[in-house]
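Asks:
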Amino acid sequence: MEDEAKLIKKAVRGDMRALSELLREHYSFLYQYLLKATMNKNRAEDVTQETMLKAIEKIATFQGKAKFSTWLITIASRIVIDRMRRNELERHWLQEEGSLRSIQYETIREGVDWSDALQALGRLSSSIRIPVLLKYYYGYGQDEISAMLDIPAGTVKSRLHNGLKQLRKELTEHEEA
1 MEDEAKLIKK AVRGDMRALS ELLREHYSFL YQYLLKATMN KNRAEDVTQE
51 TMLKAIEKIA TFQGKAKFST WLITIASRIV IDRMRRNELE RHWLQEEGSL
101 RSIQYETIRE GVDWSDALQA LGRLSSSIRI PVLLKYYYGY GQDEISAMLD
151 IPAGTVKSRL HNGLKQLRKE LTEHEEA
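If you count by full-length UniProt numbering, then the sequence shown holds residues 1 to 177, one letter each, in order.
Pasting the structure below:
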């Protein structure tokens, strides 16, 4: 077995055998880290595999400023954080769906009409619904929305355009029905 520094140099230059050996040497270490980070055996296995794939894709970018194991842990940690955010967004979305039905029920129970526009607005993804509400209900400008949501102004413009397009489509289909 060659020393790690030589294997890294070869791997960065495209030697797949060297990269394979490096990854094999670090697999157990990485898996143990992820087992502790995720506290879930299946998730740890999945993230370990995904980290290995990312390392294969990105090996040419490894600059050697940190140890190879540190580089792998950085990749793995970012994957774990991204997955946690994604799971949180999915849970939030499911809660929003339930909340929409709850709001609709309460509004109708109080004898107030639940408009088709509110129903259509509720069907938009939150990433589109929020800019539409901020712009057309609360009157904020695109630059203000951009700053509030910490997204580029072009993204706000695109989301507003897509939101209005979806709302028009749903409301037009509803009128035709």
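Backbone N, C-alpha and C define an ideal beta-carbon position, used for all residues, glycine too.
1. Quick one: Cα of PHE62 to Cα of LYS9, how far?
2. For the alpha helix (DSSP H) containing ASP143, list its first residue and its last residue.
3. Are the Cβ atoms of LEU134 and ILE145 separated by less than 8 Å?
4. Going by C-alpha distance, which of LYS165, LEU53 and ALA147 is nearest ALA120?
5. Inspect the CB distances between the segment 74-82 and the segment 25-40 and report whether three or more fall short of 8 Å.
6. With distances taken from CA atoms, which of SER127, LEU72, PHE29 and VAL156 is nearest TYR140?
7. From ILE56 to LEU23, what distance separates their C-alpha atoms?
8. Which one of TYR33, LEU7, ASP15 and ARG86 has the shortest CA to CA distance from ILE75?
9. Taking the alpha-carbon of ILE59 as reference, which of THR48, GLN49 and TRP71 has the nearest alpha-carbon?
10. Assign MET52 to one of two classes, buried (16 or more other C-beta atoms within 10 Å of its C-beta) or exposed (fewer than that).
11. Using CA coordinates, which residue listed in GLY163, ARG129 and GLU4 is at the minimum distance from LYS67?
12. Thinking C-alpha only, which one of TYR136, ARG159, GLU50 and GLN142 is nearest SER125?
13. Looking at the secondary structure, which residues open and close the alpha helix (DSSP H) in which MET16 lies?
Replies: This is what the structure gives:
1. Within the sequence shown, numbered from 1, the residue matching residue 62 stands at position 62. Within the sequence shown, numbered from 1, the residue matching residue 9 stands at position 9. Each residue's alpha carbon lies about 10 Å from the other.
2. The residue labelled residue 143 in the question sits at position 143 within the sequence shown. Segment 142-149, the alpha helix (DSSP H) holding ASP143.
3. One-based indexing of the sequence shown puts residue 134 at position 134. One-based indexing of the sequence shown puts residue 145 at position 145. In this structure, ILE145 lies closer than 8 Å to LEU134 by Cβ.
4. Looking up residue 120 in the sequence shown gives position 120. ALA120 has its Cα closest to that of LYS165, out of LYS165, LEU53 and ALA147.
5. With a cut-off of 8 Å on Cβ pairs, the segment 74-82 is in contact with the segment 25-40, counting three or more such pairs.
6. The residue given as residue 140 occupies position 140 in the sequence shown. It is VAL156 whose Cα lies nearest to the Cα of TYR140.
7. Locating residue 56 in the sequence shown gives position 56, where the first residue counts as 1. Locating residue 23 in the sequence shown gives position 23, where the first residue counts as 1. Each residue's alpha carbon lies about 9 Å from the other.
8. To locate residue 75, count along the sequence shown from 1; it is residue 75. For the residues TYR33, LEU7, ASP15 and ARG86, the minimum Cα distance to ILE75 belongs to TYR33.
9. Against the sequence shown, residue 59 aligns to sequence position 59. Among THR48, GLN49 and TRP71, the Cα nearest to that of ILE59 belongs to TRP71.
10. If you number the sequence shown from 1, residue 52 lands on position 52. Classification for MET52: buried.
11. For the purposes of this step, residue 67 is taken as residue 67 along the sequence shown, with counting starting at 1. For LYS67, the nearest C-alpha among the options comes from GLU4.
12. The sequence position of residue 125 within the sequence shown is 125, counting from 1. Of TYR136, ARG159, GLU50 and GLN142, the residue nearest in Cα terms is ARG159.
13. Numbered from 1 along the sequence shown, position 16 holds the residue referred to as residue 16. 16-38 is the span of the alpha helix (DSSP H), which, as asked, contains MET16.
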